[in-house]
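Just below is one structure, and these are the notes that go with it.
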Amino acid sequence: MSSHIIPDPSSVRYDGPWAHRDVHANGIRFHVVDAAPDRTDAPLVVLLHGFADFWWSWRHQLTGLAELGYRAVAVDLRGYGDSDKPPRGYDGWTLAGDIAGLIRALGYTDATLVGHADGGLVCWATAVLHPRLVRSIAVVSSPHPAALKSAVLRNRRQRATWLPNFLRYQLPRYGERLLTTGDGFEVERILRQRVSGSWSGTTEFVDTARRMRSAIQIPGAAHCALEYQRWAFRSQWRPDGRRFMATMREPIHIPVLAIRGDLDPYVLSGTFRRGRHLSPNRRLATIPAAGHFAHQENPDVVTAELGKLLS
Numbered sequence: 204m205s206s207h208i209i210p211d212p213s214s215v216r217y218d219g220p221w222a223h224r225d226v227h228a229n230g231i232r233f234h235v236v237d238a239a240p241d242r243t244d245a246p247l248v249v250l251l252h253g254f255a256d257f258w259w260s261w262r263h264q265l266t267g268l269a270e271l272g273y274r275a276v277a278v279d280l281r282g283y284g285d286s287d288k289p290p291r292g293y294d295g296w297t298l299a300g301d302i303a304g305l306i307r308a309l310g311y312t313d314a315t316l317v318g319h320a321d322g323g324l325v326c327w328a329t330a331v332l333h334p335r336l337v338r339s340i341a342v343v344s345s346p347h348p349a350a351l352k353s354a355v356l357r358n359r360r361q362r363a364t365w366l367p368n369f370l371r372y373q374l375p376r377y378g379e380r381l382l383t384t385g386d387g388f389e390v391e392r393i394l395r396q397r398v399s400g401s402w403s404g405t406t407e408f409v410d411t412a413r414r415m416r417s418a419i420q421i422p423g424a425a426h427c428a429l430e431y432q433r434w435a436f437r438s439q440w441r442p443d444g445r446r447f448m449a450t451m452r453e454p455i456h457i458p459v460l461a462i463r464g465d466l467d468p469y470v471l472s473g474t475f476r477r478g479r480h481l482s483p484n485r486r487l488a489t490i491p492a493a494g495h496f497a498h499q500e501n502p503d504v505v506t507a508e509l510g511k512l513l514s
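For the sequence shown, this note's numbering gives the first residue as 204, with consecutive numbering after it.
Following this line, the structure appears as structure tokens:
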């Protein structure tokens, strides 16, 4: 008989120089981590994690941005961590509505959004669909969705790094089992595969992998994480997906900071550079000695780049 303990959603409420809060927006409850809850007059920066991750991904930026005078808030996206896990709403429209609602629920009229991977997609979507609420965006390892799609279709190397996992996750139940079996080992495998060799040898890597493996085993989290990827795939052949992609091709004119680790094996350099016309006010920043999780691998440099965008 297995003695395996299933983690409680509240297990992601790690102590630190921040406050844990529940915020209701767009009809569900979000768990947010607020590094400067008393600084209600400071500009708001909302931090959005990527696939199979949770708010902890942004621990360095939470404190770093608070020190720079901003109100930094990291979110467990819909379906993740200690946020609600409704059966639907993992489409681009709803996810953008989540963040728009969250900005308002925090008492703000606008914010800068920072997102990694899938969280970056949510940044792009919110900027297009709710332009008045988004002052600027920063995306880590997250090309514009239209640019990523064209890179996967046209570039054999990008297709080879990106497509196999994406397709594997489309199979019902298989993906959920894959992510949760062996205490979430698949999540550590993905992390190890995508970060720099120097970071994967650190105690911080071991600690981060342990926390991510635990978070993906929270009941419902693996399924919800996969629903993001499944909608992105299935919607391509449906009117809502075609409409979403057509809408996303509307250029945004706010400042955009696009960040990529110079060793990222997952989002290739050529893909990163694509799509200039979709965000004419875009600045590219390559982070040294970092892979796909640059904000964790070389956090000070990433926070400094964010500081330039915000100032």
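Note that CB positions come from ideal geometry on N, CA and C, so glycine has one too. A quick note: this is a predicted structure, and the numbers were derived from the prediction, not measured.
Taking a cut-off of 8 angstroms on C-beta distances, the stretch 385 to 392 does not touch the stretch 431 to 439, as fewer than three cross pairs fall below it. Unbroken alpha helix (DSSP H) runs of no fewer than 4 residues, entirely contained in the stretch 255 to 322, are found at 262 to 270, 295 to 308, following chain order. By the neighbour-count criterion, in which 16 or more other beta carbons inside 10 Å mark a residue as buried, Asn484 falls on the exposed side.
Note that the stretch 415 to 434 does not touch the stretch 354 to 362; fewer than 3 beta-carbon pairs, one per stretch, sit closer than 8 angstroms. Here Val342 has Gly318, Gly323, Cys326, Ala461 as same chain residues with Cβ atoms under 6 angstroms from its own Cβ, once five neighbours each way along the sequence are excluded. Leaving aside the five residues that flank Met415 on each side, the residues in its chain whose CB is nearer than 8 angstroms to its CB run, in chain order, Ala255, Asp256, Phe257, Trp259, Gly387, Val390, Glu391, Leu394. For Gly464, the beta-bridge partners assigned by DSSP are Ile490. Excluding sequence positions up to five before and after Ser399, its CB lies within less than 8 angstroms of the CB of Gly464, Leu466, Ala492, Ala493, Gly494, Glu500, all in the same chain and listed in chain order. One Cα belongs to Gln264, the other to Val248, and the distance between them is close to 10 angstroms. Straight-line spacing of the CA atoms in Ala350 and Gln361 works out to 12 angstroms. The beta-carbon separation of Arg242 and Ser286, rounded to 23 angstroms, does not stay under the 8 angstroms limit for a contact. Straight-line spacing of the CA atoms in Gly444 and Asn229 works out to 21 angstroms. DSSP places Ile419 in the uninterrupted alpha helix (DSSP H) bounded by 406 to 419. Taken through DSSP and simplified to helix, strand or coil, Ile393 comes out as helix. Assigned with DSSP and collapsed to three states, Phe496 falls in coil, not helix or strand.
Contact between Arg397 and Tyr283 is ruled out by a C-beta separation of about 18 angstroms, above the 8 angstroms threshold. In the DSSP secondary-structure assignment, Leu250 is bridged to Ala277, Val317. If you ignore the 5 residues before and after Ala314, its C-beta comes within less than 8 angstroms of the C-beta of Pro246, Leu247, Val248, Val249, Ile306, Leu336, Val337, Arg338, all in its own chain and listed in chain order. Rounded to whole angstroms, the Cβ separation of Tyr293 and Glu379 is 14 angstroms, and the two are not in contact under 8 angstroms. Sequence-distant partners of Ala299 (beyond 5 residues in either direction) whose C-beta falls short of 8 angstroms from its own C-beta, in its chain, are Val325, Ala328, Thr329, Val331, Leu332, His333.
For Arg445, the uninterrupted alpha helix (DSSP H) run begins and ends at 442 to 451, by DSSP. By the Cβ neighbour-count rule, Gly304 is buried, with 16 or more other Cβ atoms within 10 Å of its own. Cα atoms of Thr383 and His207: separation of roughly 12 angstroms, rounded to the nearest angstrom.
By the Cβ-count criterion, Lys511 is exposed, with fewer than 16 other Cβ atoms from all chains shown falling within 10 Å of its own Cβ. Just so you know, the alpha carbons of Gly219 and Thr266 end up roughly 9 angstroms apart. Annotation: Leu487 to Arg476 spans about 8 angstroms, alpha carbon to alpha carbon. Residue state for His223 is assigned as strand, using DSSP reduced to three classes.
The alpha carbon of Ala239 has as its nearest neighbour, out of Arg274, Glu453, Ile209, Asp225, the alpha carbon of Arg274.
By the Cβ-count criterion, Leu309 is buried, with 16 or more other Cβ atoms from all chains shown falling within 10 Å of its own Cβ.
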